[in-house]
Amino acid sequence: MGLLPLNMLNEPQKMLGLISERQQLLADNIVNMHTKGYRRKDIDFSQYLNSGNSSILEAKLIDKFGTSPISSSTTNTENISTEDELSLMQENYILYSMAARQLSSTITEIKTALNVSQGG
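Under our numbering, read the sequence shown as residues 1 to 120, first letter to last.
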(Lines of atoms letter the chains of each structure in order from A; the text may use other names.)
(Lines give C-alpha, C1' and ligand atoms only; values in the text may rest on other atoms or scores of the structure.)
Protein backbone atom coordinates (compact mmCIF):
# COMPACT_ATOMS: atom_id res chain seq x y z
CA MET A 1 0.00 0.00 0.00
CA GLY A 2 1.37 3.41 -0.95
CA LEU A 3 1.46 6.55 1.11
CA LEU A 4 -1.23 8.31 -0.89
CA PRO A 5 -4.83 7.09 -0.49
CA LEU A 6 -5.51 7.28 -4.23
CA ASN A 7 -8.52 4.98 -3.89
CA MET A 8 -10.32 8.00 -2.36
CA LEU A 9 -10.28 9.54 -5.84
CA ASN A 10 -11.96 6.57 -7.52
CA GLU A 11 -15.58 7.33 -6.63
CA PRO A 12 -15.65 11.02 -7.69
CA GLN A 13 -13.69 10.10 -10.82
CA LYS A 14 -16.20 7.32 -11.61
CA MET A 15 -19.07 9.76 -11.12
CA LEU A 16 -17.52 12.33 -13.48
CA GLY A 17 -17.09 9.62 -16.12
CA LEU A 18 -20.74 8.59 -15.83
CA ILE A 19 -21.91 12.19 -16.02
CA SER A 20 -19.82 12.73 -19.14
CA GLU A 21 -21.26 9.59 -20.72
CA ARG A 22 -24.80 10.71 -19.85
CA GLN A 23 -24.21 14.11 -21.44
CA GLN A 24 -23.21 12.37 -24.66
CA LEU A 25 -26.34 10.17 -24.59
CA LEU A 26 -28.60 13.18 -24.04
CA ALA A 27 -26.95 14.99 -26.94
CA ASP A 28 -27.40 11.90 -29.12
CA ASN A 29 -31.10 11.84 -28.18
CA ILE A 30 -31.54 15.38 -29.46
CA VAL A 31 -29.55 14.77 -32.65
CA ASN A 32 -31.45 11.57 -33.45
CA MET A 33 -34.93 12.51 -32.26
CA HIS A 34 -36.28 12.42 -35.83
CA THR A 35 -34.31 9.34 -36.92
CA LYS A 36 -36.66 6.48 -37.70
CA GLY A 37 -36.24 3.61 -35.25
CA TYR A 38 -34.00 5.56 -32.86
CA ARG A 39 -34.53 4.68 -29.21
CA ARG A 40 -33.98 7.23 -26.45
CA LYS A 41 -31.09 6.42 -24.10
CA ASP A 42 -30.14 7.59 -20.64
CA ILE A 43 -28.00 6.45 -17.72
CA ASP A 44 -29.34 5.47 -14.35
CA PHE A 45 -26.64 6.26 -11.80
CA SER A 46 -28.07 4.03 -9.08
CA GLN A 47 -27.10 0.84 -10.93
CA TYR A 48 -23.48 1.97 -10.82
CA LEU A 49 -23.61 3.34 -7.30
CA ASN A 50 -25.06 0.41 -5.37
CA SER A 51 -21.65 -1.10 -4.79
CA GLY A 52 -22.03 -1.35 -1.02
CA ASN A 53 -19.58 1.44 -0.25
CA SER A 54 -21.38 4.47 -1.63
CA SER A 55 -20.05 7.93 -0.96
CA ILE A 56 -22.23 10.73 0.37
CA LEU A 57 -22.62 12.07 -3.18
CA GLU A 58 -23.76 8.70 -4.46
CA ALA A 59 -26.23 8.28 -1.61
CA LYS A 60 -27.73 11.69 -2.39
CA LEU A 61 -28.08 10.78 -6.07
CA ILE A 62 -29.85 7.53 -5.24
CA ASP A 63 -32.17 9.31 -2.79
CA LYS A 64 -33.04 12.01 -5.31
CA PHE A 65 -33.43 9.97 -8.50
CA GLY A 66 -34.31 6.49 -7.26
CA THR A 67 -33.55 3.28 -9.11
CA SER A 68 -34.30 2.26 -12.70
CA PRO A 69 -32.51 0.49 -15.58
CA ILE A 70 -28.95 1.46 -16.49
CA SER A 71 -29.87 2.48 -19.99
CA SER A 72 -33.51 3.11 -20.67
CA SER A 73 -34.99 3.40 -24.10
CA THR A 74 -38.37 3.87 -25.62
CA THR A 75 -39.63 2.51 -28.89
CA ASN A 76 -41.71 5.62 -29.45
CA THR A 77 -39.57 8.44 -30.87
CA GLU A 78 -42.42 10.91 -30.33
CA ASN A 79 -41.54 10.79 -26.61
CA ILE A 80 -38.21 12.52 -27.23
CA SER A 81 -38.53 16.27 -26.83
CA THR A 82 -35.79 18.85 -27.09
CA GLU A 83 -37.07 20.62 -23.98
CA ASP A 84 -36.96 17.46 -21.87
CA GLU A 85 -33.48 16.54 -23.05
CA LEU A 86 -32.18 20.07 -22.42
CA SER A 87 -33.72 19.97 -18.96
CA LEU A 88 -31.94 16.69 -18.27
CA MET A 89 -28.71 18.26 -19.53
CA GLN A 90 -29.14 21.06 -16.99
CA GLU A 91 -29.75 18.46 -14.27
CA ASN A 92 -26.62 16.67 -15.47
CA TYR A 93 -24.65 19.92 -15.13
CA ILE A 94 -25.75 20.16 -11.48
CA LEU A 95 -24.60 16.59 -10.91
CA TYR A 96 -21.29 17.48 -12.56
CA SER A 97 -20.87 20.44 -10.22
CA MET A 98 -21.55 18.23 -7.20
CA ALA A 99 -19.08 15.58 -8.36
CA ALA A 100 -16.40 18.17 -9.14
CA ARG A 101 -16.83 19.70 -5.67
CA GLN A 102 -16.60 16.22 -4.13
CA LEU A 103 -13.39 15.54 -6.04
CA SER A 104 -11.96 18.91 -5.02
CA SER A 105 -12.87 18.24 -1.39
CA THR A 106 -11.21 14.82 -1.51
CA ILE A 107 -8.03 16.30 -2.97
CA THR A 108 -8.02 18.96 -0.23
CA GLU A 109 -8.39 16.24 2.41
CA ILE A 110 -5.44 14.32 0.94
CA LYS A 111 -3.30 17.48 0.84
CA THR A 112 -4.19 18.27 4.46
CA ALA A 113 -3.34 14.75 5.56
CA LEU A 114 0.01 14.93 3.77
CA ASN A 115 0.83 18.30 5.32
CA VAL A 116 -0.08 17.05 8.82
CA SER A 117 1.97 13.89 8.37
CA GLN A 118 4.98 15.96 7.28
CA GLY A 119 4.62 18.21 10.32
CA GLY A 120 3.83 21.31 8.35
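From the three backbone atoms N, C-alpha and C, an ideal C-beta is built for every residue, glycine too. Quick caveat, the model's predicted, so the values are computed rather than measured.
As the crow flies, the alpha-carbon of glutamate 91 is around 35 Å from that of leucine 114. Note on glutamine 118: under 16 other CB atoms within 10 angstroms of its CB, so exposed under the neighbour-count rule. Cβ atoms of leucine 25 and lysine 41 come within 8 Å of each other, at about 5 Å.
In this structure, the beta-carbon distance from isoleucine 110 to methionine 8 falls below 8 Å. Minimum Cα-Cα distance from aspartate 28 among the listed residues Ser97, Ile43, Leu16 corresponds to Ile43.
Straight-line measurement puts the Cα of serine 20 at about 18 Å from the Cα of aspartate 84. Relative to the Cα of lysine 14, the nearest Cα in the group Ile30, Asn79, Leu95 belongs to Leu95. Of the candidates Ile80, Leu86, Ser81, Ala100, Ala100 places its Cα closest to the Cα of glycine 17.
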